[in-house]
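Below: the structure, in C-alpha cells.
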Amino acid sequence: MALQLNVNRMKLETKHEKRKYIQEVIFCISLATLTGLVVYQAFLYFNIAIFGWNLGLIFAPLTAGYVETYIANKLIGEDIGAISAFILFAYTTFYSFILKNPTLGFNLITIGSIAVILQAAFPTLINYLIFTVGAGVVLYFLGICKKINGFVSGQIKKFRCKYFHKEPTITEEVEKDYHFDEVKSNELINSLDFYFLTSTDPVKKRIVNLGQFHATVIVEKATIRTPPRPKEFEDETLYNLKMGKDECLVKIANKVKGAGGNGIIDLDIQYSLIGIGGDSYQVSAFGMGMYLSPKVINSNEFIKTGK
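Residue numbers for the sequence shown follow the working numbering, so the first one is 925 and each next one is one higher.
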C-alpha cells in the first residue's frame, strides 16, 4: 500500500512538473512574440526602411528569437528553439506581403528573413548545410566543370591533329638534380685552413679568446610546383640549406680571421623560418673566435705579434 502511494505521488509530481514546464514555455514564447510585435510596429510607425523595404521584417523575428532564448535560459535553463521567430515571420509575411501589398510575393527580403530565422532556430544544422553541404556541392560542381573543360580541350586537340595534321605540343619539364656534392663541400671548408670546433675545450692546444662572433645567411625556400612533387621539393630544400650552411661557415671564418684568429669553439648552427608566411630560411652560426696554437701563449704576446 505504501509503495503504491509513493508511485502515485511520483506520477502526480511528474505531471505537475510537465504542466509547469509547458506553462513556462508558453510564457517565454508569448512574451518574446509580444516583444517582436512591438518592435515590428515601431519599425512601421517610424518607417525605418532601406529602399522601401521595412527593416522590421528582419529585426522583429530576430528580436523575438533573442528574447525567447534569453528568458528560456534564465527561467527554464535550456534553449527551446526560436518558435516566436517563426510566429513573427508568419505574421510579418502575411501583414506586409499579402494583406498590405499582395503583389510583392516571394522575394529577396522573404528569403533573407527565412534564412535569419532558421539560423536562429537551428544554428548547428544551418551552419552544417552552408559550410559542409554547400561547400561540397560547389566543389563538386567545379570538379565537373574541370572535367568538362579537359574533355573539350582533348577533343579539340584530336580534331586539329586529324584534320589539320598538327601534332599537339608536348612540354616536359626536366626534373632537376639537387644532389649535394659532399666532397666539394669538404674541400671548400678544409681550404679555409680554419678550426671549427663544437666543443668548448680544445685538447692539447692553447688558445687566446677573441670574443663572440656570428654570421647569417638568408636562403630562399624551394619553389612550389604544380602539380606538387614532394620529393623534388624536399631535395631542393635540403640542397639550399646545405649550401647556406657552407656559406655561413665561410663568412664566420673570414670574420674571425679578420680579427687575427684561426678557429672557433662552441660552434652552433641554427636554422629558422623568417619573412611573411615563412617565405625564407635563415641560417645562423654562433661561436667564440680564438687563436689556437700548439704552444703556450699569453694574451699580451698575441696582441704584440698578431699570432
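Here a beta-carbon is modelled for each residue, glycine too, at the ideal position from N, C-alpha and C.
Same chain only: Cβ atoms within 6 Å of residue i, ignoring 5 sequence neighbours per side
{"i": "Val1057", "result": "none"}
{"i": "Ser1217", "result": "Arg1130"}
{"i": "Leu1116", "result": "Ala1177"}
{"i": "Asp1168", "result": "The sequence shown places Gly at residue 1168, not Asp. If we look at Gly1168 and ignore the five residues flanking it on each side, its Cβ neighbours are Val1141, Val1143, Val1207."}
{"i": "Glu1160", "result": "Tyr1102, Ala1146"}
C-alpha gap between residue i and residue j, whole angstroms
{"i": "Thr1016", "j": "Cys952", "result": "20 Å"}
{"i": "Ile1072", "j": "Ile1080", "result": "12 Å"}
{"i": "Thr987", "j": "Glu948", "result": "19 Å"}
{"i": "Asp1133", "j": "Gly1213", "result": "In the sequence on display, residue 1133 carries Asn and not Asp. So the alpha carbons of these two residues sit roughly 6 Å apart."}
{"i": "Ala1139", "j": "His1103", "result": "25 Å"}
{"i": "Phe1075", "j": "Phe1083", "result": "12 Å"}
{"i": "Asn1186", "j": "Phe1120", "result": "9 Å"}
{"i": "Phe970", "j": "Ser1077", "result": "60 Å"}
{"i": "Glu1158", "j": "Gly1202", "result": "16 Å"}
{"i": "Lys1108", "j": "Tyr1064", "result": "52 Å"}
{"i": "Thr1215", "j": "Ala1209", "result": "For clarity, residue 1215 is Tyr in the given sequence; the question names Thr instead. The straight-line gap from Cα to Cα measures roughly 18 Å."}
{"i": "Thr938", "j": "Ile946", "result": "12 Å"}
{"i": "Ala973", "j": "Ile982", "result": "11 Å"}
{"i": "Lys1070", "j": "Val962", "result": "52 Å"}
{"i": "Arg943", "j": "Val991", "result": "22 Å"}
{"i": "Glu941", "j": "Phe1010", "result": "26 Å"}
{"i": "Val1062", "j": "Gln1136", "result": "59 Å"}
When the options are compared against residue i, the one with the closest alpha-carbon
{"i": "Thr957", "options": "Lys1169, Pro985, Leu1191, Gly1185", "result": "Pro985"}
{"i": "Gly960", "options": "Lys1070, Thr1122, Asn971, Ser1008", "result": "Ser1008"}
{"i": "Cys1172", "options": "Asp1003, Lys1082, Leu1191, Ser1077", "result": "Leu1191"}
{"i": "Gly989", "options": "His940, Asp1003, Ile974", "result": "Asp1003"}
{"i": "Asp1125", "options": "Pro1154, Phe1118, Ile1189", "result": "Ile1189"}
{"i": "Gly980", "options": "Ile974, Phe967, Val962", "result": "Phe967"}
{"i": "Gly1211", "options": "Gly1199, Ile1198, Ile1193", "result": "Ile1193"}
{"i": "Tyr1163", "options": "Ile1068, Asp1105, Phe1010", "result": "Asp1105"}
Same chain, Cβ closer than 8 Å to residue i, five either side skipped, listed in chain order
{"i": "Leu1112", "result": "Asp1170, Val1174"}
{"i": "Phe1118", "result": "Ala1177, Val1180, Lys1181, Asn1186, Gly1187, Ile1188"}
{"i": "Ile1198", "result": "Ile1142, Ser1204, Tyr1205, Gln1206"}
Own chain, CB closer than 7 Å to residue i, minus 5 neighbours either side, in chain order
{"i": "Ala1195", "result": "It should be noted that the sequence gives Tyr, not Ala, for residue 1195. So the list reads Leu1165, Tyr1205, Val1207, once near-sequence residues are dropped."}
{"i": "Ile995", "result": "Cys952, Leu955, Ala956"}
{"i": "Ser1123", "result": "Ile1189"}
Beta-carbon separation (whole angstroms), residue i vs residue j, contact threshold 8 Å
{"i": "Thr993", "j": "Ala1014", "result": "That pair is no contact at about 19 Å."}
{"i": "Ile964", "j": "Leu999", "result": "According to the sequence shown, residue 964 is Tyr rather than Ile. Not really, about 24 Å apart at Cβ, beyond 8 Å."}
Proximity test, residue i beta-carbon vs the ligand ATP heavy atom, cut-off 8 Å
{"i": "Val1143", "result": "Although the ligand ATP was asked about, the structure shown includes no ligands whatsoever."}
CB contact below 9 Å: residue i versus chain C
{"i": "Gly1184", "result": "The structure shown contains no chain C; it is built from a single protein chain."}
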